[in-house]
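Read the structure below first, then the notes.
Residue numbers (UniProt numbering): 1 to 131.
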């Protein structure tokens, strides 16, 4: 498994380079696929990490480490979907709230205008009666 120290010293593409080089030579290299999956997992590229771990398990079904990493990748994907779902739900709720407020404000303004007109009419009526 990749250590956090490596992540701090190297940029994500540098982490992926050795595994890509190994996979150029042999696209079914167990260790190359596994390491690339770990690197992708470390840089939050969960979908591609899952694909790498699934391919390792297709080729080498007895790889317990790949099974464990696949479960972690799937968990991370679910968590990411939940965060996105909440974020978008909140975003749409805020938009709906913003759209609702101007209408409510406009409705209140119209009511205030109507009251002013009514007051003006009443005052004029009082003036008309006094003459």
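No residue lacks a Cβ here, since even glycine has one placed at the ideal position from N, Cα and C.
The three-state reading of DSSP puts residue 19 in helix, counting H, G and I together.
Minimum Cα-Cα distance from residue 37 among the listed residues 65, 93 and 26 corresponds to 65. Relative to residue 31, the option among 92, 83 and 63 whose CA is nearest is 63. The segment 86 to 102 and the segment 41 to 50 do not touch, with fewer than three beta-carbon pairs separated by less than 8 Å. The Cβ-Cβ distance between residue 56 and residue 33 falls below 9 Å. In this structure, residue 54 sits near residue 70, with a CB-CB distance shorter than 9 Å.
Contact between residue 41 and residue 77 is absent: CB atoms are separated by about 10 Å, not below the 8 Å threshold.
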